[in-house]
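Peer 1: Using my numbering, you'd call the opening residue of the sequence shown number 7 and step up by one each time.
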Amino acid sequence: MVDEKLRVLIPSEKIQARIRELGEQISRDYPEGPLHMICILKGACYCLTDLSRAMKRDVFVDFMGISTYGKGKTTSGEVKVTKDLDISLEGANVLIVEDIVDSGVTLNYLMHLLEQRKPLSIRIAALLDKPDRRLRPVHANYVGFQIPDEFVVGYGLDYAEKYRNLDDICVLDGPSAAK
Ligand code: IMP
Ligand code: MG
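#1: Ligand 1 and Glu167: does the residue's C-beta get closer than 7 Å to at least one heavy atom of that ligand?
#2: What three-state label does DSSP hand Thr88 in the structure shown?
#3: Suppose you measure from the CA of Ser127 to the CA of Val158; what does that come to, to the nearest Å?
#4: Please check if any C-beta of chain C sits within less than 8 Å of the C-beta of Asn147.
#5: What beta strand (DSSP E) runs, 3 residues minimum, are completely inside the segment 97-132?
#6: Over what stretch of residues does the alpha helix (DSSP H) that includes Asp56 continue unbroken?
#7: For Ala60 and Ile25, what's the separation of their Cα atoms in angstroms?
#8: Could you compute how far the alpha carbon of Asp133 sits from the alpha carbon of Ile32?
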């Protein structure tokens with residue numbers, strides 16, 4: 007795909023290599039017991055499918071839809087569950103898989119919500135982390151890459167639902183970046 011507004015930040019090979027490393031690390035950290043990988047739709051589904059296949063142990067996968075009411079590049083701060091989980095988390099080790107931690111509003115809300123469901127433990131795996139943007143405290147236990155405060159698309163990340171299916175993670179420049 008050729009688009010003059012896109013600048014490659016993390017090429018596909020680097021993403022895949024890092025996900026393999028994370029899969030091995032997470033598998034070592036959870037030597038036994040059930041592990042539930044929770045994918046936050048829609049952005050994290052690309053990461054979840056690759057990360058779950060990089061795991062060296064059995065895992066369950068489930069999906070949760072979260073809307074932060076933002077259509078542009080910033081979150082509105084309001085969070086709503088649009089699709090809930092199918093399986094119970096009671097007594098389970100839970101790994102939330104998210105594409106990016108930005109303001110932290112989404113994951114801060116989600117951690118509180120899922121803690122009420124009595125899991126044994128909850129950790130967060132985020133492919134990307136933009137620490138400069140944090141408004142609410144969030145600790146991602148596993149981070150693929152820390153990135154600067156730039157709006158990125160690709161490998162699941164979108165701008166108005168576009169660009170999710172790019173293999174690389176790219177910075178979106180150009181006129182729309184001002185919106
Ligand atoms: P937070 O609640 O601000 O941490 O936002 C998390 C959500 O905002 C992510 O799951 C993404 O859907 C979206 N988001 C934040 N930064 C970016 C970005 O640079 N590109 C695309 N989506 C982003
Ligand atoms: Mg998202």
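Glycine included, every Cβ here is placed at the ideal spot set by N, Cα and C.
A quick note: this is a predicted structure, and the numbers were derived from the prediction, not measured.
Peer 2: For this structure:
#1: no
#2: strand
#3: 30 Å
#4: Looking for chain C here will not work: only one protein chain is present.
#5: 99-107
#6: 51-59
#7: 7 Å
#8: Correcting the residue identity first, residue 133 is Leu in this sequence and not Asp. Going by the C-alpha atoms only, they are around 13 Å apart.
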